[in-house]
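S.K.: Can you keep this structure in mind? I'll have questions shortly.
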Amino acid sequence: MKLKKQFTEGYVNKGKIMDQTIHTQPDMTMSIRDLLDRHSRGLPLTTNERKGEYFDTEIPRFDDITDMLQYKQELMDKNKSINKLIKDEKKAAAAAKENLKEKQDLQTSDKNETLVN
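Right, here's the structure in full:
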């Protein structure tokens, strides 16, 4: 296997093909003074600043593995209680649906009896 190097005969460098799209707009420049001033005051640099979304739960940092295991156990317990709550709500919804169906059946049967008599 022969390696091609810069000084090998017949070496042709094709180079990197650059993208020709332009993302800047006229008069978008800022002076170094403005950039440093904004940075020191904590102001955005007129760019889209992306911030992550953090929800209600805080993600802790652990110094000890036992703390991590304890936190894991707390999360598992929380997961079990939430799953139990969901299961109970599903049972309650199914019971309410069944109760509603029975009421509708009674109403239609009462109507049918009055029509027959």
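Numbering follows my numbering, with no gaps: position 49 of the sequence shown is 49.
Quick reminder that beta carbons are idealized off the backbone N, C-alpha and C, glycines included.
#1: With the cut-off set at 9 Å, would you say Met119 and Leu45 are in Cβ contact?
#2: Can you grab the Cα-Cα spacing for the pair Lys101 / Pro60, in whole Å?
#3: Assuming Tyr11 contacts Lys4 under a Cβ cut-off of 8 Å, what Cβ separation, rounded to an integer in Å, is found between them?
#4: Could you tell me the alpha carbon to alpha carbon distance between Asn13 and Pro26, rounded to whole angstroms?
M.R.: Straight from the coordinates:
#1: A query on residue 119 cannot be resolved here, the shown segment of the chain reaching from 1 to 117 and no further.
#2: 48 Å
#3: 5 Å
#4: 34 Å
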